[in-house]
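J.: Sending over a structure as structure tokens; questions will come in a sec.
6 protein chains.
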Amino acid sequence: MVRALLIGRFQPFHRGHMHAVRYVLERSDEVVIGIGSALDSHSLRNPFTAGERIEMIIAALREERLPLERFLLIPIPDAPHHKEWVSIVEALVPRFDVVYSNDPLTRTLMEEAGYEVRGIPLLNREVYSGEEFRRRVVEGGDWREIVSEAVARYLEERGLIERIRKLARSDKPWVKVVP
Amino acid sequence: MVRALLIGRFQPFHRGHMHAVRYVLERSDEVVIGIGSALDSHSLRNPFTAGERIEMIIAALREERLPLERFLLIPIPDAPHHKEWVSIVEALVPRFDVVYSNDPLTRTLMEEAGYEVRGIPLLNREVYSGEEFRRRVVEGGDWREIVSEAVARYLEERGLIERIRKLARSDKPWVKVVP
Amino acid sequence: MVRALLIGRFQPFHRGHMHAVRYVLERSDEVVIGIGSALDSHSLRNPFTAGERIEMIIAALREERLPLERFLLIPIPDAPHHKEWVSIVEALVPRFDVVYSNDPLTRTLMEEAGYEVRGIPLLNREVYSGEEFRRRVVEGGDWREIVSEAVARYLEERGLIERIRKLARSDKPWVKVVP
Amino acid sequence: MVRALLIGRFQPFHRGHMHAVRYVLERSDEVVIGIGSALDSHSLRNPFTAGERIEMIIAALREERLPLERFLLIPIPDAPHHKEWVSIVEALVPRFDVVYSNDPLTRTLMEEAGYEVRGIPLLNREVYSGEEFRRRVVEGGDWREIVSEAVARYLEERGLIERIRKLARSDKPWVKVVP
Amino acid sequence: MVRALLIGRFQPFHRGHMHAVRYVLERSDEVVIGIGSALDSHSLRNPFTAGERIEMIIAALREERLPLERFLLIPIPDAPHHKEWVSIVEALVPRFDVVYSNDPLTRTLMEEAGYEVRGIPLLNREVYSGEEFRRRVVEGGDWREIVSEAVARYLEERGLIERIRKLARSDKPWVKVVP
Amino acid sequence: MVRALLIGRFQPFHRGHMHAVRYVLERSDEVVIGIGSALDSHSLRNPFTAGERIEMIIAALREERLPLERFLLIPIPDAPHHKEWVSIVEALVPRFDVVYSNDPLTRTLMEEAGYEVRGIPLLNREVYSGEEFRRRVVEGGDWREIVSEAVARYLEERGLIERIRKLARSDKPWVKVVP
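Chains as they are written, first to last, in our numbering: chain A, 2 to 180; chain B, 2 to 180; chain C, 2 to 180; chain D, 2 to 180; chain E, 2 to 180; chain F, 2 to 180.
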């Protein structure tokens, strides 16, 4: 039995994520989807709560008729410091055999803790990315092509597209300037 | 579609919990099992990590052939203060219609936040309780009758019974004395 | 101009507190009432939020026709560790000349930080104490004589007496037993 | 009786804030001035402590002969995550009927929690802003026209103008660069 | 080169600790003394700051003419949860080969993380213990025989014996009662 | 006896730091090297853990045959807010007589707390800086001339140069853009 851990923020869960999920599912028996920065929400970088992201992911998995019983969806809050992050993952997630991630920080931390880390082939990353999605929502581009139909429906019915636009009405949404 | 939230610490998941799970499942379409004090572990009161508790619960649900696709297992860390706890639950859990709990604090907080809260009939609470389980492990009583066979097997194979006994080798494990 | 700092938890604001407030007011121009453990609530030891405690204190000050413009009511959250507590007080409170407190920890921390600390003569401490108030609410004694009429009215209208009784329905409310 | 909540950081309390205070006071019986990011200080974005900001606000309210007994000044620390922020406000502030704010995040969070949120007409925002004030202090412009005389006097007597200039002597004060 | 880690709270550093230090020093090249609960102080259980404990330890090591250059004294704050504690130790301490501890929790956490853990023969534990020391200070017993002369001198010159007695003037110092 | 406190992040400990250490050592009997942002690591700004930084510093002090027994190396975690930082330093560090620092924030906080603060003459700051070191590692410049031989050897043997390069493989390592 191979249990794989796939970690992301899923802000939102887009077509590139679904591609990754299929890739990992083919290579393991169970997939734990770890939802990172789980307690962050209501910012342009992290607009959705973990609960909302879980609803999106379930809607997308159902839409593709993937076997729900082979998935676990676990929200993972950020650690106070990077060095503690792996132990928070280990506390919240059932034992796993392999980690799938392309993020350099995630890879470094997991490798230093002794885990096997594998990369995931990316699908059209210029379009299928959370940053591109959020930019299109704010600037009025076609965000619908980035997510599946089920996710798009969920986002609109819950008023979550509108939430992003509201949050963007601050002066300088894209670059953090201090002060 | 009714989504119910059932909250507990599940230290460990025992026969009384299984009784509650069945009771809630009969009255709703989806059951979110919220695993409270999710980041606490390695104490006599909270010996197991959330990941270990999730493995126990899945083992028990499979043993009873309950429909896994109607469950969500969500670890919920403690809030810094009680007043923030409901908002942490709301952040981590998909929208829910009703909360099942017998705990006075959980009930009070959820009711003040406007949620419908229902009680659960308890099954033989003198025996089926986490506190009684942990006491029997430490004092050498029959802890096996408190949990299902699948949970007992999991606890032994992972050395978790032994962990409780090790932790109990402090001077006064049952009462916190300051200093 | 002498500004005095009077610190307490005010769970609830009782007749002994009013006695202390009058005592301090006679000896200073402005009184900062620092509401300690400000973010704690919904426990038997700290049943009320800081906002509720502020409403009680204002109701009591008005009832006694004390000059509101000579008071500041400042909620003070607990520090992560005792050594940081004075700096949190200094951050939240306007500069003060003297601290009034009978609590040994408060006195020790403030004295080590170089402040002048004075005691307050207590009024009938066996009756006028938050602990005695909460005990009477739970056990059905006469809690009304401990607080002023305005505070009693506020507590009942807001359902706060009932909150304490609900919270007390746990197994061992008065002594913390681990586990 | 209408109690309004007006939230800001007041770094410092400037003429635009006084305009907003008057606007809210005309439309309510009591005004709670919530001092946001209360524990932040000693940075270019948040140079002053909450205690210092309270002293400024009181000085300005007295200067304008506004009725102090209709105001409450409550420091509100930042929440660990946005989703918990409303519950921290609810814990620290007496019950309020309406929130006045122009900040998109504050508005979104309060509206999602079910509160009525109203905007405030801004007075000459290019000049009357905390950011403009701090920039003029650092670059040597006329910061005095941005605040009232009482606030200017307080800032100078306490050496707070000098504190901002000291803090600005780092390499890149205005833009956060990592690393 | 063998680097050993010896962890304790050292409230205060007593003759039993010195015995343990000698025992570990004989079996390793370098000894890291990890000062646990480093940010806790000003309570009966943890009366001294980490800085004060470091001064005590250095005074005692000098008194015994032990080679200071073979020691490192590292304050280790408590982790938010037990599961993160080992990673905090790993972050703060240079790489170590073996851990010396008799505490069941420390042993369990370190062993689960894969470290070699060894016990230390205790010297007259009924007398040489921090709890006994603090009890004697409060109740007026002979606390001097528990610590070395250099430590006793330090404690008196800095007024730290008096601090413990002040802190003990609360109602129920030895047992935590809630509320 | 003069005890001086020298605070830095030492990411890594470079030749400029050694120059400062010598400068302070000549002017005091004991030097406490406070290792700031002690729990931060695994980022481009703070790549090394405090334990790793301690190993570097000891290697460098030995290389220069400086008297180890006149040094204390104390990791100092960041405070939740600037105002609490001095009290965290005071908790972790033995009493000190003077602070050496060129950082405006450190100087301001320490001066407001009443400490004597002195500057340190900088040695060739364009080259000898942590930021320049990390930039050269990432961009392939000569980082070796910035640190001593002992530090360079340590960094390579432990794979820490490689860690920085791995962490740099994110999209925009040098400027934090939100989102």
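Just so it is clear, CB atoms sit at the ideal spot from N, CA and C, and this is done for glycine as well. Fair warning: this is a prediction, and the values are worked out from it, not measured in the lab.
From this set, E:His43, E:Phe97, E:Ala39, which residue's C-alpha is nearest leucine 7 (chain E)'s C-alpha?
T.: When only C-alpha atoms are compared, the closest one is E:Phe97.
J.: Within its chain, find whatever has a CB closer than 8 Å to the CB of glutamate 117 (chain F); leave out the 5 residues flanking it on each side and keep chain order.
T.: If we look at glutamate 117 (chain F) and ignore the five residues flanking it on each side, its Cβ neighbours are Asp98, Val99, Val100.
J.: Could you name the residues that DSSP lists as bridge partners for proline 76 (chain A)?
T.: DSSP lists A:Ile36 as partners of proline 76 (chain A).
J.: Short of 7 Å Cβ to Cβ, which residues in the region 116–139 of chain C face chain E?
T.: The residues in question are Glu132, Arg135.
J.: If you compare alpha carbons, which of A:Gly131, A:Ala80, A:Val94 is closest to valine 32 (chain A)?
T.: That would be A:Val94, whose Cα lies nearest to the Cα of valine 32 (chain A).
J.: Note down the Cα distance separating phenylalanine 11 (chain F) from tyrosine 129 (chain F), rounded to an integer number of angstroms.
T.: Roughly 11 Å separates the two Cα atoms.
J.: What is the rounded straight-line gap between the Cα of alanine 5 (chain F) and the Cα of leucine 110 (chain F)?
T.: Distance between the alpha carbons of alanine 5 (chain F) and leucine 110 (chain F): 17 Å.
J.: Please report the residue range of the alpha helix (DSSP H) in which isoleucine 8 (chain A) lies.
T.: Taken as a continuous stretch (DSSP letters only), isoleucine 8 (chain A) belongs to no alpha helix (DSSP H), being part of the beta strand (DSSP E) at 4–9.
J.: Answer with buried or exposed for arginine 164 (chain A), where buried requires no fewer than 16 other C-beta atoms within 10 angstroms of its C-beta.
T.: By the neighbour-count rule (16 or more Cβ atoms within 10 Å), arginine 164 (chain A) is buried.
J.: If you measure beta-carbon to beta-carbon, which residues of the region 88–103 of chain E are closer than 8 Å to chain F?
T.: Taking 8 Å as the Cβ-Cβ cut-off against chain F, the residues of the region 88–103 of chain E that qualify are Ile89, Glu91, Ala92, Leu93, Val94, Pro95, Arg96.
J.: Give me the Cβ distance between phenylalanine 134 (chain B) and isoleucine 147 (chain B), rounded to the nearest whole Å; I'm assuming they're in contact under 8 Å.
T.: Going by Cβ atoms, the distance from phenylalanine 134 (chain B) to isoleucine 147 (chain B) rounds to 5 Å, so yes, they are a contact pair.
J.: Tell me the rounded alpha-carbon separation between glycine 9 (chain B) and aspartate 79 (chain A).
T.: Each residue's Cα considered, the two are about 23 Å apart.
J.: Assign valine 87 (chain A) to buried or exposed, taking buried as 16 or more other Cβ atoms, counted over all protein chains shown, within 10 Å of its Cβ.
T.: With 16 or more other Cβ atoms within 10 Å, it is buried.
J.: For chain F, is any of its Cβ atoms less than 8 Å away from the one on glycine 52 (chain E)?
T.: For glycine 52 (chain E), the answer is yes, since a Cβ of chain F falls inside 8 Å of its Cβ.
J.: Who pairs with valine 99 (chain D) in a beta bridge, going by DSSP?
T.: DSSP output for valine 99 (chain D) lists D:Ala5 as bridge partner(s).
J.: Starting from histidine 83 (chain C), trace the alpha helix (DSSP H) both ways and give me its first and last residue.
T.: Element bounds for histidine 83 (chain C): 83–93.
J.: With a threshold of 8 Å between beta-carbons, can isoleucine 161 (chain F) be considered close to chain A, or not?
T.: This sequence places leucine at residue 161 (chain F); isoleucine is not what is there. By this cut-off, leucine 161 (chain F) is not an interface position.
J.: Mind checking valine 178 (chain C): buried by the 16 CB within 10 Å criterion, or exposed?
T.: With a pLDDT of only 34 at valine 178 (chain C), under the threshold of 50, the placement of this residue in the model should not be trusted, and no figure is reported.
J.: Does any CB atom of chain B fall closer than 8 Å to the CB of phenylalanine 49 (chain C)?
T.: Closer than 8 Å: no.
J.: Across which residues does DSSP place glutamate 31 (chain F) in a beta bridge pair?
T.: According to DSSP, glutamate 31 (chain F) bridges with F:Arg4.
J.: DSSP three-state label for arginine 159 (chain C), please.
T.: Residue state, collapsed to three classes: coil.
J.: Thinking just about the alpha-carbon of each residue, which of D:Glu85, D:Glu112, D:Phe49, D:Ser102 is nearest to the one in lysine 84 (chain F)?
T.: Comparing Cα positions, the closest option is D:Phe49.
J.: Taking the alpha carbon of glutamate 1 (chain D) as the point to measure from, which residue in D:Pro13, D:Gly35, D:Arg170, D:His18 has its own alpha carbon closest?
T.: Past the boundaries of the shown model lies residue 1 (chain D); chain D is included only from 2 to 180, so the question cannot be answered.
J.: Closest to serine 44 (chain D) by CA distance: which of D:Phe72, D:His15, D:Ala114, D:Val139 is it?
T.: Comparing Cα positions, the closest option is D:Val139.
J.: Taking a Cβ distance cut-off of 9 Å, strictly less, list which residues of the region 13–27 of chain B are near chain E, in chain order.
T.: Going along the region 13–27 of chain B in chain order, one finds no residue with a Cβ nearer than 9 Å to chain E.
J.: Is it buried or exposed for glycine 141 (chain F), if we count other Cβ within 10 angstroms and need 16 for buried?
T.: So glycine 141 (chain F) ends up on the exposed side.
J.: So, with DSSP's three-state summary, where would you put valine 139 (chain C)?
T.: Helix, per DSSP.
J.: Any idea which residues DSSP pairs arginine 66 (chain D) with across the strands?
T.: None, per the DSSP bridge assignment.
J.: Measuring alpha carbon to alpha carbon, tell me which of B:Glu158, B:Glu56, B:Ser102, B:Asp41 ends up nearest valine 22 (chain B).
T.: Residue B:Ser102 is the option with its Cα nearest to valine 22 (chain B).
J.: Are the C-beta atoms of proline 105 (chain B) and some chain C residue less than 8 Å apart?
T.: Answer yes: the Cβ-Cβ gap between proline 105 (chain B) and chain C drops below 8 Å somewhere.
J.: Comparing C-alpha positions only, which one of B:Ile34, B:His18, B:Ala151 sits nearest to arginine 126 (chain B)?
T.: Arginine 126 (chain B) has its Cα closest to that of B:His18, out of B:Ile34, B:His18, B:Ala151.
J.: Can you tell me which of the three DSSP states arginine 126 (chain F) falls into?
T.: In this structure, arginine 126 (chain F) counts as coil in the three-state DSSP scheme.
J.: Starting from glutamate 112 (chain E), follow the alpha helix (DSSP H) in both directions and report where the run begins and ends.
T.: Residues 105–113.
J.: Compute the Euclidean distance between the alpha carbons of histidine 20 (chain D) and leucine 124 (chain D), then round it to the nearest angstrom.
T.: Their Cα atoms are separated by approximately 7 Å.
J.: Suppose the cutoff is 6 Å on Cβ atoms and the five residues either side in sequence are ignored; what does the same chain contact list for leucine 26 (chain D) look like?
T.: These residues qualify, in order along the chain: Val32.
J.: Quick one: what does DSSP say arginine 54 (chain A) is sitting in, helix, strand or coil?
T.: Arginine 54 (chain A): helix per DSSP, three-state reduction.
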